[in-house]
Amino acid sequence: ALCAPGWLRQWHVAVRVIKSGKMVGFISAVPIRMHVYDKEVSMVEINFLCVHKKLRLKRMAPVLIKEITRRVNCEGIFQAAYTAGYWHRSLNVKKLLAVKFSHLGRNMTLQRTQKLFKLPETTHIKGFREMNDRDVPQAWKLLTQYLRKFELAPVFSEHEFEYLCSNRSNIVSSYVVENDGEVTDFISYYHLSSTIMNHPQYKTLNAGYLYYHAACKTPLVDLVTDCLVSAHNTGFDVFNALDLMDNKEFLEKLKFGAGDGNLQYYIYNWKCPQMDAEKVALLL
Numbered sequence: 177a178l179c180a181p182g183w184l185r186q187w188h189v190a191v192r193v194i195k196s197g198k199m200v201g202f203i204s205a206v207p208i209r210m211h212v213y214d215k216e217v218s219m220v221e222i223n224f225l226c227v228h229k230k231l232r233l234k235r236m237a238p239v240l241i242k243e244i245t246r247r248v249n250c251e252g253i254f255q256a257a258y259t260a261g262y263w264h265r266s267l268n269v270k271k272l273l274a275v276k277f278s279h280l281g282r283n284m285t286l287q288r289t290q291k292l293f294k295l296p297e298t299t300h301i302k303g304f305r306e307m308n309d310r311d312v313p314q315a316w317k318l319l320t321q322y323l324r325k326f327e328l329a330p331v332f333s334e335h336e337f338e339y340l341c342s343n344r345s346n347i348v349s350s351y352v353v354e355n356d357g358e359v360t361d362f363i364s365y366y367h368l369s370s371t372i373m374n375h376p377q378y379k380t381l382n383a384g385y386l387y388y389h390a391a392c393k394t395p396l397v398d399l400v401t402d403c404l405v406s407a408h409n410t411g412f413d414v415f416n417a418l419d420l421m422d423n424k425e426f427l428e429k430l431k432f433g434a435g436d437g438n439l440q441y442y443i444y445n446w447k448c449p450q451m452d453a454e455k456v457a458l459l460l
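Structure, rendered in structure tokens:
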């Protein structure tokens, strides 16, 4: 995500301590074409913003945002998108409870909670498999067609789609459904691990984040179910998703729980009326 097609070195902005060279702040931008209602607009995604924990009350974040805005403006782009917030689906219940990522519900025991979130051991959709290089053109066309129905959505070239969604170890996992040589559905998620602080047993929390998908012939609930099974079988602890696009079809059915954040997309320097989540297909 730092070096997507069209990226510029000057859009990676870091703040370092002069004497030690230690990095204490970072922000980055990557270019993207967005369909906003009836217009196509060049803008950037602001997807990474990090500030050292000892400096988080020193107003460094606004300074970083102002500087990345200035640098992007120098390239003739005056719009940007910012966001945060997710729904969560437990995969490794015992670990999530142990590290206090989640808590037992009222009148619930560990065994009951594990039973509640238990998934099938294997996928069940015929033709569901990992996406390979030969699938890229068909999967890209499916996603492009699917995204056209939303009022805020990215416009990917085939090259951009291949870069963002091709399977890469510890970065992205993508799957397709193939029937008689035709790719009929596509789904992907990206990987993001977090360090668990001060726990005697667990050191890392492995999270999968639902990325772009296009359920054209297979019900979305079934497609996401097989995606959850695959993520669980490869060692993920929790699976996250936004309530955008058609995702509300599966969130409650598949036992996702709402996080405590309030997701807002902010399109900087572009007048845009309030938009329902179901009409948004931008994933940051």
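With our numbering applied, the sequence shown has no gaps in its numbers, which climb one by one up to 460 at the end.
Glycine included, each C-beta is placed from N, C-alpha and C at the ideal position.
Contact under 9 angstroms by Cβ, residue i with residue j
| i | j | result |
| --- | --- | --- |
| residue 377 | residue 237 | no |
| residue 381 | residue 356 | no |
| residue 330 | residue 210 | yes |
| residue 304 | residue 365 | no |
| residue 247 | residue 205 | yes |
| residue 267 | residue 408 | yes |
| residue 353 | residue 393 | yes |
| residue 180 | residue 208 | yes |
| residue 300 | residue 214 | no |
| residue 426 | residue 396 | yes |
| residue 384 | residue 346 | no |
| residue 327 | residue 405 | no |
| residue 184 | residue 251 | yes |
Those residues which DSSP pairs with residue i across a bridge
| i | result |
| --- | --- |
| residue 207 | 220 |
| residue 215 | 212 |
| residue 201 | 191 and 227 |
| residue 471 | Summary: the structure shown does not reach residue 471, with the chain confined to residues 177 through 460, and so no result is reported for it. |
Reduced DSSP secondary structure (H/G/I, E/B, other) of residue i
| i | result |
| --- | --- |
| residue 247 | helix |
| residue 300 | coil |
| residue 189 | strand |
| residue 233 | coil |
| residue 258 | Any reading at residue 258 must be qualified, since the residue scores a pLDDT of 49, below 50, and its modelled position is unreliable; the value itself is stated next. Residue 258: strand per DSSP, three-state reduction. |
| residue 225 | strand |
| residue 269 | helix |
| residue 181 | coil |
| residue 241 | helix |
| residue 196 | coil |
Restricting to runs no shorter than 4 residues, where is the alpha helix (DSSP H) found entirely within the region 282-349?
286-292, 312-323 and 334-341
Jot down the residue ranges of each uninterrupted alpha helix (DSSP H) in the region 348-433, minimum 4 residues, whole runs only, in chain order.
396-409
The region 261-270 / the region 423-433 touching (three or more Cβ pairs under 8 angstroms):
yes
Closer than 8 angstroms is the cut-off here; do at least three beta carbon pairs connect the region 388-396 with the region 309-325?
yes
Do the region 191-202 and the region 221-236 touch if we need at least three Cβ pairs shorter than 8 angstroms?
yes
With three or more beta-carbon pairs closer than 8 angstroms as the criterion, would you say the region 332-341 touches the region 285-301?
no
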